[in-house]
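Single-structure report; data block below.
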Amino acid sequence: MSTVALLFATSCKIDQTKEAELPEVDLDIDAESGQLPSFDVDWADVNVGTRTKMVKVPKVVVVMEEVEVEVPYVDVDMPDEFGDKEERTIRVEAEVDGTEHEIEIKKVYASKNNIIVVSELEKKETTLGDKKLRISDQLTLNAPDLNVKHIIVGERPNRVFNSSYKYYSSMKDVEKMVEGYREIYSD
643 MSTVALLFAT
653 SCKIDQTKEA
663 ELPEVDLDID
673 AESGQLPSFD
683 VDWADVNVGT
693 RTKMVKVPKV
703 VVVMEEVEVE
713 VPYVDVDMPD
723 EFGDKEERTI
733 RVEAEVDGTE
743 HEIEIKKVYA
753 SKNNIIVVSE
763 LEKKETTLGD
773 KKLRISDQLT
783 LNAPDLNVKH
793 IIVGERPNRV
803 FNSSYKYYSS
813 MKDVEKMVEG
823 YREIYSD
């Protein structure tokens, strides 16, 4: 008997309700119908539901408060072919752990309908322990709808969130990318 059949046979109660009867065969090839055995099988009752139980779960508390700060404002006048201007917030963010960091938008370059925002990520000395922080900087851009690309100068923190931007080790690497662009903002 296979292991599965043995396990099944030992984990439930089986009551035979009919005896097996083989068909009778006549040499004239007339046959009476036979009967297969039938069984009532009582197996385990299964109940599915929920129970209330105390478990430990991670809990993150984020407190947002509104404060008044000076935000850089960049007003770009483009030829009429680019359409009407619209104010929008350009934000750069990074998620860090281990040590405190600071991120700051340093320069904004423009060419045709493209904007390149260059930010600098600086590692500080204060340790965070096992905490993770999301840091950001922003400016207000009043311009037609333009393609915005972010570049961050600094070491990319090892967090999944940080894959949204390109990271470069030095400003010299960025200078090659912005050749032909006009600097429209500098901090």
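The numbering used here puts the first residue of the sequence shown at 643, with every later residue one more than the last. Just so it is clear, CB atoms sit at the ideal spot from N, CA and C, and this is done for glycine as well.
>> Can you confirm whether the segment 716 to 729 touches the segment 798 to 809 when touching is taken to mean that 3 or more C-beta pairs between the two stretches lie within less than 8 Å?
In response: Flag = no, the segment 798 to 809 and the segment 716 to 729 do not touch.
>> Taking a contact to mean a Cβ-Cβ separation below 8 Å, would you say I831 touches I745 in this structure?
In response: Since the first residue shown for the chain is 643 and the last is 829, residue 831 is missing from the structure and cannot be characterised.
> Given a threshold of 16 other Cβ atoms within 10 Å of its Cβ, counted over all protein chains shown, does S811 qualify as buried or as exposed?
Replying inline: Along the sequence shown, one-based indexing puts residue 811 at 169. The C-beta of S811 has fewer than 16 other C-beta atoms within 10 Å across all chains shown, which makes the residue exposed.
> Helix, strand or coil: which one does DSSP assign to V646?
Replying inline: Mapped onto the sequence shown, residue 646 falls at position 4. Any reading at V646 must be qualified, since the residue scores a pLDDT of 46, below 50, and its modelled position is unreliable; no value is offered.
>> With distance defined between alpha-carbon atoms, name the residue in S753, L763, N804, V760 nearest to A785.
In response: Within the sequence shown, the letter at position 143 stands for residue 785. Ranking the options by Cα distance to A785, first place goes to S753.
>> Let me confirm a value: D772 is counted as buried when at least 16 other C-beta atoms fall within 10 Å, else exposed. Which label applies?
In response: On the sequence shown, residue 772 is found 130 positions in, with the first residue counted as 1. Result: exposed.
> With distances taken between CB atoms, is the gap from V759 to V734 smaller than 8 Å?
Replying inline: Indexing the sequence shown from 1 puts residue 759 at position 117. Indexing the sequence shown from 1 puts residue 734 at position 92. Cβ atoms of V759 and V734: closer than 8 Å.
>> Beta-carbon within less than 7 Å of V790's beta-carbon, same chain only, minus the 5 sequence neighbours each way: which residues are those?
In response: As a position in the sequence shown, residue 790 is number 148, starting the count at 1. Excluding sequence neighbours, V790 sits near I732, I757, V759.
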